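Worksheet: one structure, shown below.
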Ligand SMILES: C[S@@+](CC[C@H](N)C(=O)[O-])C[C@H]1O[C@@H](n2cnc3c(N)ncnc32)[C@H](O)[C@@H]1O
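In this note's numbering, the protein residues as written are 1434 to 1767.
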């Protein structure tokens, strides 16, 4: 049954006046009956979008009667939501790190757990670069231009790169994606926050597009939330997630394809003691930590997200030579 077919107190929909409160109650029930999770929240987000109101302000306008056009626009969105199109795609917006990001169906919808990745990177930047360039001037002279150089692999809508650029005063970010459409969205978001000058957007697979930038051995931080879903698990993902770009999710047979490539190639670009900070999937920690040790990464730390899932891995490039790492690996017990 659709909103158009609903009859209440013997009146047809054309006669009935739908208030904000009625619409929210009705939609929540309707979504529940149709296996849409977060039914109330979704109803509120969609209605606030149609009415161009902040979500919480709906509660101050509970008795507001919806106009014909508003009702019709809202009904259109509900229909799409029943096809499991995520709310974020319907409203073209997602909040991340307290910032609003424009999104569309070409980009992965930023997840709350990725905020932990960004917070980890920002903390490490602040720890390692306590002074901004200006504060490092002595007697009016710039002593050393020491700003963190960062690579964001798989930029998507730009949530990671733009948040870092927004919250870290001085930094230089190379933001890479294999999808031109993602880069367009990310560039748009960087302009919205006026930090586009801090980010170089590059199209290409992983590190390939960095050739020619003279960055080998010069990068302080490599950060990535790579695709990490096992190919065979894609079909059993929730229907909403399956609406998101396949290339943003598919991590190959065992979900670790990108980690293997990133671990090898990041050693070329990182400075000694430079940081690699990655988001990982549930249950992938052991294998990735093992891969990191084999590559000679050190000071490995793992952080859990708010659901207690081990979600972020941080490691530093070792100062040891390749030969010494091989020797250590040979003698490593596990
Ligand atoms: C899991 S999404 C992460 C998006 C965003 N950074 C976030 O955290 O929400 C992975 C991203 O990697 C990009 N990607 C996939 N394969 C790639 C490759 N070979 N090289 C660079 N980027 C790639 C996808 O287009 C997608 O934007």
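Ideal Cβ placement from N, Cα and C applies to all residues, glycine included.
Computed from a predicted model, the values in this text were never measured in an experiment.
Residue 1732 versus residue 1723 - alpha carbon distance: So the two alpha carbons sit approximately 13 Å from each other.
Segment limits, beta strand (DSSP E) that includes residue 1744: Taken as a continuous stretch (DSSP letters only), the beta strand (DSSP E) holding residue 1744 covers 1743-1749.
Any non-hydrogen atom of ligand 1 closer than 8 Å to residue 1586 Cβ: A heavy atom of ligand 1 is found nearer than 8 Å to the CB of residue 1586.
Exposure label - residue 1649; buried when at least 16 CB within 10 Å: By the C-beta density criterion, residue 1649 is exposed, having fewer than 16 other C-beta atoms within 10 angstroms.
The beta strand (DSSP E) enclosing residue 1607, as first and last residue numbers: Counting along the chain, the beta strand (DSSP E) containing residue 1607 begins and ends at 1605-1610.
Unbroken beta strand (DSSP E) run spanning residue 1509, endpoints: Careful: residue 1509 lies outside any beta strand (DSSP E), inside the alpha helix (DSSP H) at 1501-1515.
Check: residue 1544 C-beta below 8 Å from any heavy atom of ligand 1: Short note on residue 1544: C-beta closer than 8 Å to some heavy atom of ligand 1.
Sub-9 Å separation of residue 1639 and residue 1661 beta-carbons: No, these two residues do not count as a Cβ contact at 9 Å.
Residue closest to residue 1634, alpha-carbon to alpha-carbon, out of 1535, 1525, 1656 and 1594: Residue 1634 has its Cα closest to that of 1594, out of 1535, 1525, 1656 and 1594.
Cβ-Cβ distance between residue 1746 and residue 1734 below 9 Å: The answer is yes: Cβ separation under 9 Å.
Backbone secondary structure at residue 1440 - three-state DSSP: Bear in mind that a pLDDT of 42 at residue 1440, under 50, signals an unreliable position, so the model cannot answer this.
CA nearest to the CA of residue 1494, picked from 1468, 1451 and 1506: Among 1468, 1451 and 1506, the Cα nearest to that of residue 1494 is on 1451.
7 Å CB neighbourhood of residue 1539 in its chain, flanking five on each side removed: Only residues of its own chain outside the window of five on either side were considered, and among them 1612, 1614, 1615, 1618 and 1678 have a CB closer than 7 Å to the CB of residue 1539, listed in chain order.
Secondary structure of residue 1454, DSSP reduced to three states: If DSSP states are grouped into helix, strand and coil, residue 1454 belongs with the helices.
For residue 1696 and residue 1580, the rounded distance between their alpha carbons: Between the C-alpha atoms of residue 1580 and residue 1696 there is a straight-line separation of about 24 Å.
Exposed unless 16 or more other CB atoms sit within 10 angstroms - verdict on residue 1708: The residue in question, residue 1708, is buried, as its Cβ has 16 or more Cβ neighbours within 10 Å.
Coarse secondary structure for residue 1620, derived from DSSP in three states: Three-state result, residue 1620: helix.
Beta strand (DSSP E) segment containing residue 1653, residue limits: 1652-1657 is the extent of the beta strand (DSSP E) around residue 1653.
Cβ neighbours of residue 1685 in the same chain (closer than 7 Å, five flanking residues each side left out): Within the same chain, 1664 come within 7 Å of residue 1685 by CB-CB distance, once the 5 residues on both sides are set aside.
For residue 1737, the first and last residue of its enclosing beta strand (DSSP E): That run of the beta strand (DSSP E) goes 1731-1737.
Rounded straight-line distance, which links the Cα of residue 1473 to that of residue 1774: Coverage of the chain is limited to positions 1434 through 1767, which leaves residue 1774 absent and any answer about it impossible.
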